[in-house]
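K.L.:
To convert, note that position 56 of the sequence shown is 56 in the UniProt record's numbering; the numbers rise steadily by one, no gaps. No residue lacks a Cβ here, since even glycine has one placed at the ideal position from N, Cα and C. One structure is given below, represented as structure tokens, and several questions about it will come after.
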Amino acid sequence: MHSGGHVNAGYRRLFDHDCLTFGAGFPLTGTNRSQPDIDAELRLAKHAEAVGFDGLWARDVPTYWPKFGDAGQTFDTWPWLSHVAAHTDEIALGTSSVVLTLRHPLHVAKSAATVDQLSDGRLVLGIASGDRDPEYPAFDVDPDDRGQLFRESVDAVRTVWREDFPELEGQWGSLEGDLDVVPEPTTETIPLLPTGHARQSKEWIAEHGDGWLFYHLPERTLESYLHDWRDRAGEKPFAIAVRVELADDRTAEPEPLHLGFRAGVEWFRDYFGRLEELSLDHAIIGIQNDDREAALSTFADEIIDQL
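Following this line, the structure appears as structure tokens:
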């Protein structure tokens, strides 16, 4: 539906369908304020792939800010996804999302292409402008420059992936044509999905993104966003993240969680069925149940397999 020869295996895994696909977000164990158990994370990652999830998504949180209360999966995005790639087979590996404003674009280009090669093309890059105020002075970045830095980084990584010995410059520095960045990704470009508004206009995101990654939205708001996105971007995919806690009662009505719901599987099946009808392409699920393995299995059996 969305693919061509220029998109990699991860993008095809997530979006080459006429149906809603599902990913799971790290940390799968729910440990986001201290170091998660590596063996448990990998076991759950392999389990998610086995039961039918199409993506595994890693966060990019350079520093831990206790007030924000979230260190992501703790481990740096690139080595973590390389490690996950070595322990899985075909599931897409996504970032949700790499903070381009706090990373040098040449490092991003090299690291992402490396993970893409090591995973046989399974990498899809959510990209963001950042949202944790104390991080900007730590990296000597003016928060007011985020929009421009984000655009310059997108242009830089695209250019060094597509061209040999390119000439380009930005606030990050300049390439004069005497240097190249290797390795190349498995395809012409690794798919880039801006996250939220990333300090950009909707027109810019529709033109320059390979899709749009967004936070959980109320259904009516999501419907409006999707309608507007289709007008601007055509068939480019739209994905959201949703926190899910499965109630013991299959018929339980929804209770709001931060960025999601607690409800029975029957309500969730209807809910995601409605989102599929709205033309949502992918949902990143953050399971909140204590028994994560059982909840992943139940979600796959009762929702993914039934839609």
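Let me know the secondary structure DSSP gives Thr88 once reduced to three states.
P.N.:
Numbered from its first residue, the sequence shown carries residue 88 at position 88. In this structure, Thr88 counts as coil in the three-state DSSP scheme.
K.L.:
At what residues does the beta strand (DSSP E) containing Leu102 begin and finish?
P.N.:
Residue 102 sits at position 102 when you count from the first residue of the sequence shown. Note, Leu102: premise wrong, no beta strand (DSSP E); not H, not E.
K.L.:
Helix, strand or coil, according to DSSP, for Ser224 in the structure here?
P.N.:
For this step, residue 224 is matched to residue 224 along the sequence shown. In the structure shown, Ser224 sits in a helix (DSSP, three-state: H, G or I).
K.L.:
Three or more beta-carbon pairs under 8 Å between the stretch 286–301 and the stretch 13–33, yes or no?
P.N.:
yes
K.L.:
Would you be able to state if there are at least three C-beta pairs under 8 Å between the stretch 119–129 and the stretch 171–179?
P.N.:
no
K.L.:
May I ask you to report which of helix, strand or coil DSSP gives Gly130?
P.N.:
The residue given as residue 130 occupies position 130 in the sequence shown. Reduced to three states, the DSSP call for Gly130 is coil.
K.L.:
Whose C-alpha, out of Thr74, Glu41, Ala113, Lys67, is nearest the C-alpha of His87?
P.N.:
The sequence position of residue 87 within the sequence shown is 87, counting from 1. Among Thr74, Glu41, Ala113, Lys67, the Cα nearest to that of His87 belongs to Glu41.
K.L.:
Among Ala241, Leu106, Asp39, which residue has its Cα nearest to the Cα of Leu179?
P.N.:
On the sequence shown, position 179 is the one that residue 179 refers to. Of the candidates Ala241, Leu106, Asp39, the one whose C-alpha sits nearest the C-alpha of Leu179 is Leu106.
K.L.:
With respect to the beta strand (DSSP E) encompassing Glu255, which residues constitute its N-terminal and C-terminal limits?
P.N.:
The sequence position of residue 255 within the sequence shown is 255, counting from 1. That run of the beta strand (DSSP E) goes 255–257.
K.L.:
What's the C-alpha gap between His104 and Gly264?
P.N.:
Translated into positions along the sequence shown, residue 104 becomes position 104. Translated into positions along the sequence shown, residue 264 becomes position 264. C-alpha separation (whole angstroms): 44 Å.
K.L.:
Quick one: is Pro137 buried, meaning 16 or more other Cβ sit within 10 Å of its Cβ, or exposed?
P.N.:
Along the sequence shown, read from residue 1 onward, the residue named residue 137 stands at position 137. Answer is exposed; the Cβ neighbour count stays below 16.
K.L.:
Excluding the 5 residues flanking Gly211 on each side, which residues of the same chain have their C-beta closer than 6 Å to its C-beta?
P.N.:
Translated into positions along the sequence shown, residue 211 becomes position 211. Leu193, Lys236, Pro237, listed in sequence order.
K.L.:
State whether the stretch 153–163 contacts the stretch 219–233, with contact taken as three or more CB pairs (one from each stretch) at a distance under 8 Å.
P.N.:
no
K.L.:
In three-state terms, what does DSSP make of Leu14?
P.N.:
On the sequence shown, position 14 is the one that residue 14 refers to. Three-state DSSP puts Leu14 in a helix.
K.L.:
Is Glu152 closer than 8 Å to Gly170 when the C-beta atoms are compared?
P.N.:
Residue numbering aside, residue 170 sits at position 170 when the sequence shown is read from its first letter. Residue numbering aside, residue 152 sits at position 152 when the sequence shown is read from its first letter. A contact, by the Cβ cut-off of 8 Å.
K.L.:
Exposed or buried, what is Pro218 when buried is set at 16 or more other beta-carbons lying within 10 Å of its beta-carbon?
P.N.:
Here residue 218 is taken as the residue at index 218 of the sequence shown, counted from 1. When all chains shown are included, Pro218 counts as exposed.
K.L.:
Taking DSSP as the reference, what is the three-state secondary structure of Gly170?
P.N.:
As a first step, residue 170 is located in the sequence shown; it is residue number 170 there, counting from the start. In the structure shown, Gly170 sits in a strand (DSSP, three-state: E or B).
K.L.:
Apply the 10 Å Cβ neighbour rule to Gln73 and answer buried if 16 or more other Cβ atoms are within range, or exposed otherwise.
P.N.:
Position 73 of the sequence shown, counting from 1, holds the residue named residue 73. With 16 or more Cβ atoms within 10 Å of its Cβ, Gln73 is classed as buried.
K.L.:
In three-state terms, what does DSSP make of Leu275?
P.N.:
Here residue 275 refers to the residue found at position 275 of the sequence shown. Correct three-state label for Leu275: helix.
K.L.:
Give me, in chain order, the residues of the same chain whose beta-carbon lies closer than 8 Å to that of Thr114; leave out the 5 immediate sequence neighbours on both sides.
P.N.:
Within the sequence shown, the letter at position 114 stands for residue 114. Trp78, Ser82, Pro183, listed in sequence order.
K.L.:
Determine the contact status of His47 and Leu296, defining contact as a CB-CB distance below 8 Å.
P.N.:
Against the sequence shown, residue 47 aligns to sequence position 47. Against the sequence shown, residue 296 aligns to sequence position 296. Yes.
K.L.:
How big is the Cα-Cα spacing for Gln306 and Arg269?
P.N.:
One-based indexing of the sequence shown puts residue 306 at position 306. One-based indexing of the sequence shown puts residue 269 at position 269. If I take the Cα positions, the gap works out to 8 Å.
K.L.:
Looking at the secondary structure, which residues open and close the beta strand (DSSP E) in which Trp212 lies?
P.N.:
Walking along the sequence shown from the start, residue 212 turns up at place 212. Taken as a continuous stretch (DSSP letters only), the beta strand (DSSP E) holding Trp212 covers 212–214.
K.L.:
Is Glu49 helix, strand or coil when you go by DSSP?
P.N.:
For this step, residue 49 is matched to residue 49 along the sequence shown. Here Glu49 sits in helix by DSSP.
K.L.:
Closer than 8 Å is the cut-off here; do at least three beta carbon pairs connect the stretch 201–215 with the stretch 129–144?
P.N.:
no
K.L.:
For Ala263, name the three-state secondary structure that DSSP assigns.
P.N.:
Translated into positions along the sequence shown, residue 263 becomes position 263. In this structure, Ala263 counts as strand in the three-state DSSP scheme.
K.L.:
Pull up the DSSP beta-bridge partners for Trp57, would you.
P.N.:
Taking the sequence shown and counting its residues from 1, one reaches residue 57 at position 57. Answer by DSSP bridge pairing, in chain order: Gly25, Gly94.
K.L.:
Going by the DSSP bridge assignment, what does Gly121 pair with across the sheet?
P.N.:
What you label residue 121 is simply residue 121 of the sequence shown in a count that begins at 1. DSSP output for Gly121 lists no bridge partner at all.
K.L.:
Note down the Cα distance separating Gly23 from Trp57, rounded to an integer number of angstroms.
P.N.:
On the sequence shown, residue 23 is found 23 positions in, with the first residue counted as 1. On the sequence shown, residue 57 is found 57 positions in, with the first residue counted as 1. Distance between the alpha carbons of Gly23 and Trp57 is about 7 Å.
K.L.:
So, for Gly147: in the same chain, excluding its five sequence neighbours on each side, which residues have a beta-carbon less than 6 Å away from its beta-carbon?
P.N.:
Here the question's residue 147 lines up with position 147 in the sequence shown. Taken in chain order, the residues that qualify are Arg199.
K.L.:
Mind checking who Pro62 pairs with in its DSSP beta bridge?
P.N.:
Taking the sequence shown and counting its residues from 1, the one referred to as residue 62 is at position 62. Paired residues: none, contrary to the question.
K.L.:
Between Gly94, Pro36, Ser111, which lies nearest to Asp54 when the distance is taken from Cα to Cα?
P.N.:
Taking the sequence shown and counting its residues from 1, one reaches residue 54 at position 54. Checking every option, the nearest Cα to that of Asp54 belongs to Gly94.
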